[in-house]
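In our numbering, the protein residues as written are 24 to 90.
Even for Gly, the Cβ is constructed at its ideal location relative to N, Cα and C.
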């Protein structure tokens with residue numbers, strides 16, 4: 024096996040491990056925004072409390088991109 028092929032295999036393995044670690048974390052955060060204690064309405068209220076209006080748009084975009 025040449026070094027380029029070997030380096031590429033290590034790169035692919037590293038990227039797979041990163042995706043397997045970060046992917047579920049993002050999904051859980053998005054799931055919590057939609058189905059957590061306050062639901063999407065609570066998340067929208069939190070975004071509005073930060074001054075991000077309209078909060079429902081920010082909440083849906085955040086949850087959608089994380090899920």
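Apart from the five residues just before and just after residue i, which ones in its own chain have a Cβ nearer than 6 Å to its Cβ?
i	result
residue 89	49, 52 and 53
For residue i, count neighbouring C-beta atoms within 10 Å of its own C-beta (all shown protein chains included) and say buried if the count is 16 or more, exposed if not.
i	result
residue 70	buried
residue 82	buried
Pull up the CB-CB distance for residue i and residue j, whole angstroms please, since I reckon it's below 8 Å.
i	j	result
residue 78	residue 67	4 Å
Do residue i and residue j have their C-beta atoms within less than 7 Å of each other?
i	j	result
residue 86	residue 57	yes
What are the boundary residues of the alpha helix (DSSP H) that residue i is part of?
i	result
residue 59	Note, residue 59: premise wrong, no alpha helix (DSSP H); not H, not E.
residue 23	Because residue 23 is not part of the residues shown, which for the chain are 24 to 90, the question remains open.
Please list, in chain order, all residues of the same chain as residue i whose beta carbon is under 7 Å from its beta carbon, the five residues on each side excluded.
i	result
residue 62	none
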